[in-house]
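Numbering (the numbering used here), first residue to last: -3 to 261. Backbone N, C-alpha and C fix where the C-beta goes; we use that ideal spot for every residue, glycine too. Everything numeric in this text was worked out from a predicted model, so none of it was measured.
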Ligand SMILES: Cc1cc2nc3c(=O)[nH]c(=O)nc-3n(C[C@H](O)[C@H](O)[C@H](O)COP(=O)(O)OP(=O)(O)OC[C@H]3O[C@@H](n4cnc5c(N)ncnc54)[C@H](O)[C@@H]3O)c2cc1C
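If you want it as structure tokens, here you go:
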């Protein structure tokens, strides 16, 4: 398997155009597992970790090659919390946001934050640059709108105000893939967003719960109960080897309530 160690976007795009069977490689923490299990046999891989454009990290953009370890120190508390829960220190040192987006697992821990803030995913190819809202980029479980010859440049982050928090439930407190995860934002006027992972085919927003709690400036305990109940109604989890749908539904309600309580004054 040929490996191209691209040091510029041009080099990477040339390599992807030259070999339609080529696959992008970032930290390799998802890709190499698929190769090791024989699920994927790319004719070549194009490593994008040395491309400076993919390392941008500022208030409005996270480059695709930014690692979990860097996000742990980033400007967004909920994103940092999510990054801190991903894998082990070794995984966080090399695993990237671009890889989390590229894999598009329903359990991807970076995705609820992107969904909660309505991030756009920026893609680049020989045809130019395009931006897709997160829900158009992630088209289903482990499926994306990434086209042939396209590279994820990163995610655009809109301005965010108020409080934000992330939580996940796993089989244990570290080195665990999410059974349910959630990110909640609440601004000073009460406007609330809640995005969840691992409780549906792709990350989702619980829109009815958001609408209901956003109308409550100082939510009573009955209103908080109702918010959590609506979340459990809106999620669409499945039974799999990690958990049952019933437990995931319950966990989604519990973490949503806790996040809301953390974000109230
Ligand atoms: C032991 C272990 C524990 C883990 N724990 C967690 C966890 O707790 N939470 C979690 O969310 N994930 C976890 N993961 C999964 C994985 O670490 C993350 O999804 C990580 O973010 C993947 O990033 P990567 O850079 O390693 O991606 P890679 O493996 O390099 O790539 C993954 C996919 O994205 C594509 N890709 C990568 N970058 C780009 C780009 N710039 N443009 C286009 N396509 C691209 C690749 O072609 C590939 O299809 C774990 C994995 C392991 C092995």
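The alpha helix (DSSP H) that contains residue 209, what's its start and end?
The sequence position of residue 209 within the chain shown is 213, counting from 1. Where residue 209 is concerned, the enclosing alpha helix (DSSP H) stretches over 203 to 210.
With 16 other CB atoms within 10 Å as the buried threshold, where does residue 11 fall?
Against the chain shown, residue 11 aligns to sequence position 15. Flag for residue 11 reads buried.
Is residue 26 near ligand 1, judged by its Cβ being under 8 Å from some heavy atom?
Taking the chain shown and counting its residues from 1, the one referred to as residue 26 is at position 30. At least one heavy atom of ligand 1 is nearer than 8 Å to the Cβ of residue 26, so yes.
Does DSSP put residue 174 in a helix, a strand or coil?
Locating residue 174 in the chain shown gives position 178, where the first residue counts as 1. DSSP places residue 174 in coil when its eight states are reduced to three.
Give the list of continuous alpha helix (DSSP H) stretches no shorter than 4 residues that lie fully inside the region 98 to 130.
Counting whole runs of 4 or more residues, the region 98 to 130 contains the alpha helix (DSSP H) stretches 107 to 112.
Residue 25 lies in the alpha helix (DSSP H); which residues open and close that run?
By one-based count along the chain shown, residue 25 stands at place 29. Where residue 25 is concerned, there is no enclosing alpha helix (DSSP H), given that its DSSP letter is neither H nor E.
Using 8 Å as the cut-off, classify the Cβ of residue 262 as near or not near the heavy atoms of ligand 1, replying yes or no.
Only positions -3 to 261 of the chain appear in the structure, and residue 262 is not among them; the question remains open.
Cross-strand partners of residue 179 (DSSP beta bridge):
In the chain shown, the residue the question calls residue 179 occupies position 183. Residue 179 pairs with 162, 191.
Three-state class that DSSP yields for residue 94 in the structure shown
For the purposes of this step, residue 94 is taken as the residue at position 98 of the chain shown. Residue state, collapsed to three classes: helix.
Cβ-based burial, residue 184 [other Cβ within 10 Å; buried from 16]:
By 1-based counting over the chain shown, the position of residue 184 is 188. Exposed.
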